[in-house]
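Here the structure comes first, spelled out in structure tokens, and everything after it is commentary.
In the numbering used here, the protein residues as written are 8 to 203.
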């Protein structure tokens, strides 16, 4: 018997509640969340639902569709659509943990590290740690302050993301690789969306 997208989401949230009640280190908890995410990424019902998820208008940044925000543990579950060849700036997620899973399409993911001592808050010299292409089913755990960027390939991409808290209300670092300039921005906005 197949489960509809809302039922799958509810079951996934129940599994997350169990993890948040356990006494785990943050890295352990988020690795275990990453191990659970394929239950959503591989769901035919969620794939069917994603066909109706709204895309952002031309000139707008990709929007995080807010499927769920937990009233107790504060984690959120997002959907994110990138149009073909669309990407993110080089950025971090500040103090938050993120698990991101690719459901459709292919993306280029680049991870960086600081090559300077971090003493200048508005400057960073970055080195590339990894530059890889990923496809459906790929899951990344992004720890706080990990510097990265993602770019969609020739088709739109659809991701499911679990974050330790809602973005958009606190500053995140944006890195300009060539100039070394570092700026702050509030991060991706959250747009409530009911799964059907």
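Where a beta carbon is used, it is the ideal one built from N, C-alpha and C, also for glycine.
Beta-carbon gap between residue i and residue j smaller than 7 Å
i: residue 36; j: residue 44; result: no
i: residue 191; j: residue 173; result: no
i: residue 23; j: residue 202; result: no
i: residue 131; j: residue 187; result: yes
i: residue 175; j: residue 193; result: yes
i: residue 148; j: residue 41; result: yes
i: residue 99; j: residue 180; result: yes
i: residue 60; j: residue 73; result: no
Nearest-angstrom Cα separation, counted from residue j out to residue i
i: residue 138; j: residue 117; result: 4 Å
i: residue 111; j: residue 158; result: 13 Å
i: residue 106; j: residue 170; result: 6 Å
i: residue 124; j: residue 133; result: 11 Å
i: residue 178; j: residue 97; result: 14 Å
i: residue 67; j: residue 86; result: 16 Å
i: residue 94; j: residue 75; result: 24 Å
i: residue 183; j: residue 13; result: 39 Å
i: residue 50; j: residue 19; result: 12 Å
i: residue 82; j: residue 195; result: 15 Å
i: residue 32; j: residue 80; result: 15 Å
i: residue 58; j: residue 126; result: 46 Å
i: residue 185; j: residue 155; result: 15 Å
i: residue 115; j: residue 70; result: 19 Å
i: residue 153; j: residue 189; result: 14 Å
i: residue 34; j: residue 78; result: 22 Å
i: residue 164; j: residue 143; result: 9 Å
Residues near residue i in its chain [Cβ-Cβ closer than 6 Å; skip 5 each side]
i: residue 54; result: none
i: residue 39; result: 26
i: residue 108; result: 44, 48, 146 and 167
i: residue 62; result: 88
i: residue 102; result: 151
i: residue 161; result: 91
i: residue 84; result: 74, 75 and 169
Cutoff 8 Å; reference residue i; Cβ partners in own chain excluding five residues on either side
i: residue 8; result: In this prediction, residue 8 has a pLDDT of 32, which is less than 50 and means its spatial position is unreliable; what the coordinates show is noted afterwards. No residues qualify anywhere along the chain.
i: residue 136; result: 118, 119 and 120
Per DSSP, cross-strand counterpart(s) of residue i
i: residue 192; result: 179
i: residue 71; result: 87 and 197
i: residue 94; result: 158
i: residue 76; result: 83
Nonlocal neighbours in the same chain, by C-beta distance under 7 Å from residue i, ignoring five residues either side
i: residue 56; result: 12, 202 and 203
Which runs of the beta strand (DSSP E) fall wholly inside the region 149–182 and span at least 3 residues, in chain order? 154–159, 164–170 and 179–182
Give, in chain order, every unbroken run of the beta strand (DSSP E) that is at least 3 residues long and sits entirely within the region 105–148. 105–111, 114–121 and 133–141
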